[in-house]
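Chains as they are written, first to last, in this note's numbering: chain X, 1 to 327; chain L, 1001 to 1386; chain R, 2001 to 2262.
Beta carbons: idealized from backbone N, C-alpha and C, even for Gly.
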Amino acid sequence: MKELLVLAEHRQGDLRDITFEMLTKGRELSQALNADLTVLLLGHNVKGIAKKLTDRAKRVLVVDDERLRNFNAEGYQRVLSHLLSERKPLLTLVGHTAFGVDLAPSLAAELDIPLATDCINLGFEGEKLVVFRQVYEGKVNVRASLRKSESYIVTLRPATFEIEEVKPLGGEIVEIPSPPSLSDDMSYKRFIEYYQPPAGDVDITAADIIVAVGRGIRDVENVPVVEKLAKAFGGVLACSRPIVDKGWLPSDRQVGASGKTVKPKLYLAVGISGQFQHISGMRSSDLIIAINKDSKAPIFRTADYGVVEDLFKVVPALTDRILEEKG
Amino acid sequence: MDFNLTEEQRAIKKAAREFSEKELTPELAVEFDQREEFPFELYKKAAKLGFTSMRFPEKYGGQGYGVLEDCLVTEEMCRVDPGLGVAVMLGTLMFPDGLLMFGTEEQKQRYIPPLCTGEKICAAAFSEPAHGSDITRMDTTAKKHGAEWILSGNKEFITNAPVADFFCVLCQTDTEVSPSHKGESLFAVEKGTPGLEVTKLQGKMGIKPCVTGSLALSDAAIPEANLIGELNKGFYYALDLFNGTRIAVAAEAVGMAQGAFERALRYSKERKQFGSPIIQFQGVSFKLAEMAIKIETARLITYKAAWLYDQGKMDPMTTAMAKAYASKVAMDVTDQAIQIHGGYGYLAEYHVERFHRCAKITEIYEGTTEIQKLTISRYLLKRILA
Amino acid sequence: MDIIVCVKHVPETAEADVAIAEDGKSIKTTELVYDINEWDDYAAEEAVLLRDKLGGSVTAITVGSEEADSTLRKCLARGADRAIRLTDEAFEGSDSYVTAKILSKVIKNLPFDLILTGAQASDDGCAQVGVVLAELLGIPHATMVKKLEPKDGIVKVNQELEGGLEEIMELKLPAMLAIQTGINEPRYISIMGIRKAMKKELKVLGLKDIGLTEEEVGESGSWIIVEKMFVPSVEKEAEILTGGVDEIATKITETLKTRGLI
């Protein structure tokens, strides 16, 4: 029987959401293909995590090894290349995360297994694997097919597939030994530690109202224009990645995949185009309003209300109006 | 014949565009337009990257390019903001060019390098209260006194006067000779020279960050060695210098027109009336088409004038045509850009009115449009007679 | 330290109107402005900063058409010492895997301690080339690098993870690092830089020079083939508030009031 593998992603003892997202899509695919859905879990002392995964897959393969304690693409790749060569799964799903981006391409290259990254959908049309991706900063979608092969690897974009509620499946945990290739001489790449940059005085994840600023602000000297609006609301100022890259705001104000995930009652995006990395950090907000000059900006596909205007005109007017309202 | 810029010229244009778009922000533009102050920090930043010394030799700290490359930078800066663009690019106005053509090695070594690095700013003092475009006679005099020249008189409408460290001043050195222009000479004068007073002129219509002022010289003594070139050749030197700067003004005009055009184009795609973007209406789209035609032709003649200059085949008629035509185009296009914006175009925050205000100067300074036409007609006359 | 930086010449689409071309498999490019991929710009800057600190050389490499020269010249103007452009009609249709393959054939014959690439490209967003390249060359790699310090044959890197967390790793040199934006502040291109760049070597190599066959490159060598490009249908679109600025401000305020947010 054909097999569909999902590589579980976990960090510091917790499964990451992407794992459940992949399992949701994986289940749908495995049913359509009449294939087995297997989760692959690599790590050390991961029994608790493995147990959780049995709710969602009939089989959980566990490779428990001290050398796999922390994610290290080198060690993971040795185990995976062994397993994939042996089991020849039709499809292996990996998250398009920092972890997956580090691992999937080199694994695919080592085994010459066709790979598609950052997919927002996929399916088989007969024997042909078809994937959908976004290109040109989210403005265009691509339908692409992979070269015919007995095995494929696909990385899935995070926060794209809903996590479905399931009745626990009560799957089995199968422990498999580490392959000999996972030797102690892995000296190419060594994990040292996790580093959490020091937190600032504002916790944006606790705010009810967030006004977030993006590239459209153009200059650090303009940031106060938006900050005033945040203050008028009694909310906090956050931002998208480019603002942190330029050093205009500290990294603890960043919303998005590499920053914070927020769920405020109001998220006002100012001059933010809405790359998926940003969207994934704010899409669950109760009410989203976006102000952007470009009517084609992807942010308008996520926002509830949109304003297609120059932020330097709208923001001051809105600030005045709010202050007026509050007396 | 090849109408393409070289790879190097394209790289220069791109670098200037990147710098201008990031540094000449609309906020900065509005701020300096209101304050009427020279943007020192911006000028220094641009100088450090080489933008303000394009046409000066590497030997003196310049970039070793020609007038065409200089025009490409000027055009890009003025495209983003006419006021800041002109201010930055005119910081090294004319004085180094005069020294390079007519000055001594000592003068070049002393004055050009600090201008290239952006530490210093210079000005060219030709116009006088009674003589604008007509420089055939100067009321400002220079009299020899021992090993010094003693300068007296007033200069008016001098670009950079309030901020300049170095001036080149056109003076009457022979008050008897006829015609009078055969008795004019050019001098290098430094800020701080006793007897030199500078006053800032406020309330210009446009290019406000490019500060203007007047000079009052009352028995200002300068060393003998500060005479630039030969005695009594100043008038001819000035004409030669104008031939270079007029091309730069044409480039300013092309840039201003381009910038206003792009704003109008963008606005016409966004602005909706009667349910469709206004660019869908022929009244607007034809306007844009005409603007594009004008800009392209102005650019071509400007590049041609610059190219001729760099080939050593400087043609005063082509130069005059470029300046007269490009400045007219700048006025027309910026005017139409306001029209396309409707009522919003009349507001400062939509920026096109600033482009229009700034564009006007290109029809006036470095020889008015009338003077350009005079030059053109004189050459035409000569050709007919020949 | 000899550093190789792999760069890509891409259209700027963030603020442009993007339309699908006649073939239905690509976008119309005539109206678009091309430049160095943003991530690669950081990578090139980082390479030059490292070279200035530690000595050695920087070689910029791209796979692309003649137009990509402007991106290579930009790297040279920034301070790279030499550049190589890999161009061949047969490369048309190559995916990230093939691009990495082409690069590996050239790079394996060059001396290097470090390869830098951008963490991804703004056009296809695949985030593959650097990592595949490392695998083909048999060297270690790290991605999303936002800090790096090479020392004594080892490079210590901070790799960006999700949620603001970073992971600190050590890699043996030579290594490949895919650079994340924000690692430095790419300098402006100076006129002095351009002047020098025009005198630096820019070598052009084709299929024959690198020892690959036609079957190994282009679509035939690729893992993935584009079948169709389309503008995504909008499942959900924001309700656009129109009117004058004050009118819009009032509309927003009213909406917030009804939701008890003011």
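> Any beta-carbon of chain R closer than 7 Å to the one on X/GLU193?
Replying inline: Numbered from its first residue, the first sequence carries residue 193 of chain X at position 193. In terms of beta-carbon proximity, X/GLU193 lines the interface with chain R, with at least one pair separated by less than 7 Å.
> Do you know offhand how far R/GLU2214's Cα is from R/SER2094's?
Replying inline: As a working note, residue 2214 of chain R is residue 214 in the third sequence. As a working note, residue 2094 of chain R is residue 94 in the third sequence. Near 11 Å, if we compare the C-alpha coordinates of R/SER2094 and R/GLU2214.
> Hey, is X/ARG218's beta-carbon within less than 7 Å of any beta-carbon in chain L?
Replying inline: Within the first sequence, residue 218 of chain X is the residue found at index 218, counting from 1. Cβ-Cβ to chain L under 7 Å: yes for X/ARG218.
>> Quick test of your reading: L/GLU1349 and X/LYS313, contact by CB under 8 Å. State the CB separation rounded to the nearest angstrom.
In response: Position 349 of the second sequence holds residue 1349 of chain L. Position 313 of the first sequence holds residue 313 of chain X. Going by Cβ atoms, the distance from L/GLU1349 to X/LYS313 rounds to 7 Å, so yes, they are a contact pair.
> If you draw a straight line from the C-alpha of L/ARG1383 to the C-alpha of L/GLY1312, how long is it?
Replying inline: For the purposes of this step, residue 1383 of chain L is identified with residue 383 of the second sequence, where counting begins at 1. For the purposes of this step, residue 1312 of chain L is identified with residue 312 of the second sequence, where counting begins at 1. Going by the C-alpha atoms only, they are around 21 Å apart.
> Per DSSP, what kind of secondary structure is R/ALA2080 in: helix, strand or coil?
Replying inline: Taking the third sequence and counting its residues from 1, one reaches residue 2080 of chain R at position 80. Of the three classes helix, strand and coil, the one that applies to R/ALA2080 here is coil, per DSSP.
> Exposed or buried, L/SER1276, counting other C-beta atoms within 10 Å across all chains shown (16 or more means buried)?
Replying inline: Indexing the second sequence from 1 puts residue 1276 of chain L at position 276. That one is exposed.
>> By the three-class DSSP mapping on this structure, what secondary structure does L/HIS1356 have?
In response: Taking the second sequence and counting its residues from 1, the one referred to as residue 1356 of chain L is at position 356. Helix.
> Buried or exposed: X/PHE161, going by 16 or more other Cβ atoms within 10 Å of its Cβ?
Replying inline: As a first step, residue 161 of chain X must be located in the first sequence, where it is residue number 161. By the 10 Å Cβ count, X/PHE161 comes out buried.
>> In the DSSP assignment, the alpha helix (DSSP H) including L/LYS1233 goes from what residue to what residue?
In response: Position 233 of the second sequence, counting from 1, holds the residue named residue 1233 of chain L. Note, L/LYS1233: premise wrong, no alpha helix (DSSP H); not H, not E.
> Considering only residues of the region 1180-1231 of chain L, which uninterrupted beta strand (DSSP E) runs meet the minimum length of 3 residues and lie entirely inside it, listed in chain order?
Replying inline: Listed in chain order, the complete beta strand (DSSP E) runs (minimum 3 residues) inside the region 1180-1231 of chain L are 1184-1190, 1196-1201 and 1212-1223.
>> Taking the straight line between their C-alpha atoms, what separation do you get for R/PHE2230 and L/PRO1209?
In response: Residue 2230 of chain R sits at position 230 when you count from the first residue of the third sequence. Residue 1209 of chain L sits at position 209 when you count from the first residue of the second sequence. Computed Cα separation, rounded: 47 Å.
> By Cβ distance below 6 Å, which residues in the same chain neighbour R/LYS2028 in space, the five residues on each side in sequence not counted?
Replying inline: Locating residue 2028 of chain R in the third sequence gives position 28, where the first residue counts as 1. Beyond the five residues adjoining it in sequence on each side, R/LYS2028 comes within less than 6 Å, by CB distance, of ALA2019 and ALA2021 in the same chain, given in chain order.
> If you measure from the beta carbon of L/PRO1297 to each beta carbon in chain X, is any gap under 7 Å?
Replying inline: As a first step, residue 1297 of chain L must be located in the second sequence, where it is residue number 297. In the sequence as displayed, the identity of residue 1297 of chain L is Thr instead of Pro. No, because no Cβ of chain X sits closer than 7 Å to the Cβ of L/THR1297.
> Who are the neighbours of R/ILE2194 on chain L, taking C-beta pairs under 7 Å?
Replying inline: Along the third sequence, read from residue 1 onward, the residue named residue 2194 of chain R stands at position 194. Contact annotation for R/ILE2194 against chain L: GLU1008, ALA1011, ILE1012 and ALA1015 [CB-CB distance below 7 Å, chain order].
> How would you label X/VAL51, buried or exposed, when you count the other beta carbons within 10 angstroms and need 16 or more for buried?
Replying inline: Locating residue 51 of chain X in the first sequence gives position 51, counting from the first residue. In the sequence under discussion, the amino acid at residue 51 of chain X is Lys, which differs from the Val named in the question. Answer is exposed; the Cβ neighbour count stays below 16.
> Along chain B, in chain order, which residues have C-beta atoms closer than 7 Å to that of R/ASP2069?
Replying inline: Among the chains of the structure shown, chain B does not appear; the protein chains present are X, L and R.
> In whole angstroms, what is the alpha-carbon distance linking R/ILE2225 and R/ASP2123?
Replying inline: The sequence position of residue 2225 of chain R within the third sequence is 225, counting from 1. The sequence position of residue 2123 of chain R within the third sequence is 123, counting from 1. Distance from the CA of R/ILE2225 to the CA of R/ASP2123, rounded to the nearest whole angstrom, comes to 15 Å.
> X/TYR188 and X/GLU110: beta carbons closer than 7 Å?
Replying inline: Along the first sequence, one-based indexing puts residue 188 of chain X at 188. Along the first sequence, one-based indexing puts residue 110 of chain X at 110. With contacts defined as CB atoms closer than 7 Å, X/TYR188 and X/GLU110 fail to qualify as a contacting pair.
> Any residues in the region 146-180 of chain X with a beta carbon nearer than 7 Å to a beta carbon of chain R? Which ones, in chain order?
Replying inline: Within the region 146-180 of chain X, LEU146 and ARG147 place their CB atoms closer than 7 Å to a CB of chain R, listed in sequence order.
> Which class does X/GLN31 belong to by DSSP, given the choice of helix, strand or coil?
Replying inline: Here the question's residue 31 of chain X lines up with position 31 in the first sequence. It is helical.
>> For X/GLN196, would you say it is in contact with chain R, using Cβ-to-Cβ distances shorter than 7 Å as the test?
In response: Numbered from 1 along the first sequence, position 196 holds the residue referred to as residue 196 of chain X. X/GLN196 counts as touching chain R.
>> Taking the alpha carbon of L/GLY1064 as the reference point, which residue from L/ILE1228, L/GLU1008, L/ARG1110 and L/GLU1037 has its own alpha carbon closest?
In response: Position 64 of the second sequence holds residue 1064 of chain L. For the residues L/ILE1228, L/GLU1008, L/ARG1110 and L/GLU1037, the minimum Cα distance to L/GLY1064 belongs to L/GLU1008.
> Would a C-beta distance cut-off of 7 Å place L/CYS1116 and L/ALA1251 closer than the cut-off?
Replying inline: Residue mapping note: residue 1116 of chain L aligns to position 116 of the second sequence, counting from 1. Residue mapping note: residue 1251 of chain L aligns to position 251 of the second sequence, counting from 1. Between L/CYS1116 and L/ALA1251, the gap from beta carbon to beta carbon reaches 7 Å or more.
> Between the C-alpha atoms of L/VAL1189 and L/LEU1196, what's the straight-line distance to the nearest angstrom?
Replying inline: As a position in the second sequence, residue 1189 of chain L is number 189, starting the count at 1. As a position in the second sequence, residue 1196 of chain L is number 196, starting the count at 1. Computed Cα separation, rounded: 9 Å.
> Looking at the unbroken alpha helix (DSSP H) that takes in R/CYS2126, where does it start and where does it end?
Replying inline: By one-based count along the third sequence, residue 2126 of chain R stands at place 126. Counting along the chain, R/CYS2126 falls outside any alpha helix (DSSP H), and DSSP gives it neither H nor E.
>> 7 Å is my cut-off, CB to CB: does L/THR1074 come that close to chain X?
In response: Position 74 of the second sequence, counted from the first residue, corresponds to residue 1074 of chain L. Taking Cβ atoms only, chain X never reaches closer than 7 Å to L/THR1074, which makes this a no.
>> Using only CA atoms, which one of L/PRO1039, L/GLY1066, L/THR1193 and L/LYS1144 lies nearest to L/LYS1304?
In response: The residue labelled residue 1304 of chain L in the question sits at position 304 within the second sequence. Between L/LYS1304 and the set L/PRO1039, L/GLY1066, L/THR1193 and L/LYS1144, the nearest pair of CA atoms involves L/GLY1066.
>> Between X/VAL101 and R/THR2143, how many whole angstroms is the CB-CB distance? I'm expecting something under 8 Å.
In response: Taking the first residue of the first sequence as 1, we reach residue 101 of chain X at position 101. Taking the first residue of the third sequence as 1, we reach residue 2143 of chain R at position 143. That pair is a contact at about 5 Å.
>> If I measure Cβ to Cβ from R/LEU2136 and keep anything under 7 Å in the same chain, skipping five residues before and after, which residues do I get?
In response: By 1-based counting over the third sequence, the position of residue 2136 of chain R is 136. Within the same chain, R/LEU2136 has close Cβ partners ALA2100, LYS2101 and SER2104.
>> For L/PHE1003, would you say it is in contact with chain R, using Cβ-to-Cβ distances shorter than 7 Å as the test?
In response: Along the second sequence, one-based indexing puts residue 1003 of chain L at 3. Taking 7 Å as the CB threshold, L/PHE1003 stays off the interface with chain R.
> Which residue's Cα is closest to the Cα of L/SER1180: L/HIS1145, L/ASP1134 and L/LEU1215?
Replying inline: Residue mapping note: residue 1180 of chain L aligns to position 180 of the second sequence, counting from 1. Among L/HIS1145, L/ASP1134 and L/LEU1215, the Cα nearest to that of L/SER1180 is on L/ASP1134.
>> Can you pull out the residues from the region 207-239 of chain X whose beta carbon lies closer than 8 Å to at least one beta carbon of chain L?
In response: So the list reads ARG218, ASP219, GLU221 and ASN222, given in the order they occur along the chain.
> Residues of chain X with a CB under 8 Å from the CB of R/VAL2217: which are they?
Replying inline: The residue given as residue 2217 of chain R occupies position 217 in the third sequence. Those within 8 Å of R/VAL2217 in chain X number zero; the least Cβ separation is about 13 Å.
>> Tell me which residues share the same chain as X/ILE18 and place their Cβ nearer than 6 Å to its Cβ, disregarding the 5 neighbours each side in the sequence.
In response: Here residue 18 of chain X corresponds to residue number 18 of the first sequence, with the count starting at 1. GLU9, GLY95, THR97 and PRO158.
>> Using C-beta distances below 6 Å, list every residue in its chain close to X/LEU339, excluding the 5 sequence neighbours before and after it, in chain order.
In response: Given a span of 1 to 327 for chain X in the structure shown, any question on residue 339 of chain X remains unanswerable.
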